[in-house]
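What follows is a set of notes on a single structure, which appears directly below.
Chains as they are written, first to last, in my numbering: chain A, 1 to 126; chain B, 1 to 557.
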């Protein structure tokens, strides 16, 4: 899980990271101010099943497609990508079309996110 | 014993036995728990007995008098209602300048500038990290050229300008001074505010550049410079808003904000400044969340604590140094993406709490802010909300209407005690900077945020439309879209600037700034010369980073 760009709103990502960890998942939190390249490097190095990005700065239409492209370029297009943040409904439609698996907006419960990860994220090890 | 000597306490016992007990036997209370949104226990009933020994004159007193619990002005909103200050800005300096001229032409007398994220982080628009963020959350300012455009045709001697800027505050402020100089306006006539509150950045908002100690040096340089040159400028807006948005409780917001304020005053004194020369120019900025009475108690407690800290702890002699002046913004984090029209009601309650708490100015959030930057229609409703409170509700007709309520006075006392306890612990750690370096406030807030979310997930805390009264027919509301061309336009403008300016002058100015940063010279004149040479925000910050280093956070989950 990570924060890309300059956005410092980390309340949500930290809560979700902790909730997922408490639910038994192995969670790597990158911390703030990551570039798409840094996130993709970490994802590949750590051999993750999914990358989750939190963006509340309005830069989602630039940063999320960039992460998807980089993952594909690096031969890791099978890593799932989901996101959370202040993201308008029409952008969500477009992001899903581009390959983002799910987008959670303010008000989403940690249970909803845990269930999503459990049910919808395929393990890359099987 | 004669009946007349009965104490309040036995009256309460009598009520418990004769009236409450039987009533509870017939109709038990709801399951509860009865706690505030911050999980602060709320009493069934507060009676004079709970306030026994409470010295009303000493603790509450009269408005406009120490310790200002009832407000800093004797007549409060009967004299003048609070300032309705809505924060705005996006796109390029040209777009925002048009908006400001429109606002001023329609009677607004103050501006409140929102900068974009790269500017807030001291990065130029062509910095790799700025990708996708230029002009999105505020206006993009790279150099004095942009600032000249931002205030073109706006007479700076006739308006007050609030700038929400922290780490690079000295640079943006210097640009403002340079624009004023070009307009022929003397610095001692300028009025306005820079947020310039770096401590809450490490605690909550996370828009930092340098580590805490050099950042404090920049701030004391600004305080010293303003006391001499720009005496009507508010040098720091000590902010609890972001602390609360990061998930703190009301008591934590109160405590950490005042602890930050104490940190700035101490830093000023340590730098050799006279407390009464700079303290009157410090102001505050609090959050107004959903729990109405808790917010009122928090604001009343804030004034009382600050007055005593300034007079007793720091020995300030001027009344102006004792008064906590504050801006309030309604809680962005309380708004929901679901059933967004409900947010209008939340904002109304929060705004009313801010007014009952005695705020000096107020920003009301728009209903659509969990979805995007606000649309013009949503902003108008938010402003109308304030106007209805001011002119229809009657709340502005009397001073501190809730003063003397047993419940509110008791809650004010409890907020005060909770905050003083935190402040004592922070003092024991060696002050707020050491506490931040140890991750103490950050950890307390992360813990509170997680605790609250778990309560919401378990439905112990109700969020209407989210975990109760959920409806699938959410109304769609119109949303503001920002032009994606802004970034390219701004980067092109920056490239042209770099080609046109006098490089030798930029180099000289930055070299002298770096030398000043390594020594003890006040940085402001050097920053001023750098911005006048059209050095960019990114270049100036990069040069200071060479001396001061860069802050890195150890993430706390």
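C-beta: ideal position from N, C-alpha, C; glycine also. These numbers were taken from a predicted model, which means no experiment stands behind them.
Taking 6 Å as the limit between beta carbons, can you name the residues of its chain near residue i, skipping five residues before and five after?
i, result
"residue 468/B", "462"
"residue 348/B", "385"
"residue 324/B", "284, 302, 303, 306"
"residue 518/B", "547"
Which residues in the same chain have their Cβ closer than 7 Å to the Cβ of residue i, if we skip the five residues on either side of it in sequence?
i, result
"residue 123/B", "129, 130, 538"
"residue 8/A", "32"
"residue 84/B", "362, 383, 386"
"residue 389/B", "351, 352, 355, 395"
"residue 2/B", "Per-residue confidence for residue 2/B stands at a pLDDT of 40, beneath the threshold of 50, marking its modelled position as unreliable; no derived number is given."
Would you kindly work out how many angstroms separate the C-alpha atoms of residue i and residue j, rounded to a whole number?
i, j, result
"residue 37/B", "residue 241/B", "16 Å"
"residue 213/B", "residue 433/B", "8 Å"
"residue 23/B", "residue 29/B", "9 Å"
"residue 72/B", "residue 116/A", "52 Å"
"residue 33/B", "residue 44/B", "11 Å"
"residue 175/B", "residue 147/B", "7 Å"
"residue 125/B", "residue 52/A", "26 Å"
"residue 345/B", "residue 387/B", "14 Å"
"residue 253/B", "residue 266/B", "20 Å"
"residue 112/B", "residue 512/B", "32 Å"
"residue 215/B", "residue 167/B", "7 Å"
"residue 144/B", "residue 69/B", "43 Å"
"residue 57/A", "residue 536/B", "23 Å"
"residue 38/A", "residue 70/A", "10 Å"
"residue 456/B", "residue 109/A", "8 Å"
"residue 308/B", "residue 67/B", "7 Å"
"residue 424/B", "residue 418/B", "10 Å"
"residue 61/A", "residue 341/B", "26 Å"
"residue 500/B", "residue 198/B", "34 Å"
"residue 13/A", "residue 36/A", "16 Å"
"residue 28/A", "residue 107/A", "23 Å"
"residue 64/A", "residue 94/A", "11 Å"
In chain B, which residues lie less than 8 Å from residue i when you measure between Cβ atoms?
i, result
"residue 63/A", "131, 132"
"residue 118/A", "Going along chain B, no residue has its Cβ under 8 Å from residue 118/A, so there is no contact; the nearest lies around 15 Å."
Would you please state the rounded distance, in angstroms, between the beta carbons of residue i and residue j? I believe it to be under 8 Å.
i, j, result
"residue 237/B", "residue 284/B", "7 Å"
"residue 227/B", "residue 277/B", "5 Å"
"residue 105/A", "residue 169/B", "About 32 Å; that fails the 8 Å criterion."
"residue 630/B", "residue 196/B", "Any property of residue 630/B remains undetermined from this structure, which presents chain B solely from 1 to 557."
"residue 343/B", "residue 335/B", "5 Å"
"residue 330/B", "residue 370/B", "Not really, about 13 Å apart at Cβ, beyond 8 Å."
"residue 259/B", "residue 298/B", "Not a contact, Cβ separation roughly 15 Å."
"residue 154/B", "residue 119/B", "Wrong, their Cβ atoms sit about 19 Å apart, outside the cutoff."
"residue 531/B", "residue 171/B", "6 Å"
Any idea what DSSP makes of residue i, helix, strand or coil?
i, result
"residue 95/B", "helix"
"residue 12/A", "helix"
"residue 199/B", "helix"
"residue 31/B", "coil"
"residue 516/B", "helix"
"residue 163/B", "strand"
"residue 6/B", "Low confidence applies here, because residue 6/B scores a pLDDT of 49, under 50, leaving its location unreliable; read the following figure in that light. Correct three-state label for residue 6/B: coil."
"residue 113/B", "strand"
"residue 366/B", "coil"
"residue 222/B", "helix"
"residue 234/B", "strand"
"residue 558/B", "Because residue 558/B is not part of the residues shown, which for chain B are 1 to 557, the question remains open."
"residue 444/B", "helix"
"residue 47/B", "coil"
"residue 326/B", "strand"
"residue 391/B", "helix"
"residue 1/B", "Since pLDDT at residue 1/B reaches only 36, below the 50 mark, its modelled position is unreliable, and the value read off the structure follows with that caveat. If DSSP states are grouped into helix, strand and coil, residue 1/B belongs with coil."
Residues of chain A with CB closer than 8 Å to the CB of residue i, please, in chain order.
i, result
"residue 270/B", "Residues of chain A passing the Cβ test: none, with the nearest at roughly 28 Å."
"residue 60/B", "Here the premise fails: no neighbours, minimum Cβ distance about 35 Å."
What in chain B is Cβ-close to residue i, meaning under 9 Å?
i, result
"residue 5/A", "117, 129, 130, 131, 132, 133"
"residue 32/A", "206, 553, 555"
For residue i, go through chain B and note every residue whose CB falls closer than 7 Å to its CB, in chain order.
i, result
"residue 49/A", "The premise fails here: residue 49/A is roughly 19 Å from chain B at the closest Cβ pair, so nothing lies under 7 Å."
"residue 10/A", "206"
"residue 92/A", "Result: empty, since nearest Cβ-Cβ is about 10 Å, beyond 7 Å."
"residue 14/A", "446, 557"
"residue 18/A", "450, 557"
"residue 111/A", "457"
Going along chain A, which residues have a C-beta under 7 Å from residue i?
i, result
"residue 136/B", "57, 58, 59"
"residue 354/B", "Here the premise fails: no neighbours, minimum Cβ distance about 22 Å."
Residues in its own chain within less than 8 Å of residue i by CB, not counting five upstream and five downstream?
i, result
"residue 552/B", "none"
"residue 549/B", "210, 211, 214"
Please list the partners that residue i has in chain A, where partner means a Cβ-to-Cβ separation under 9 Å.
i, result
"residue 370/B", "86, 105, 106, 107"
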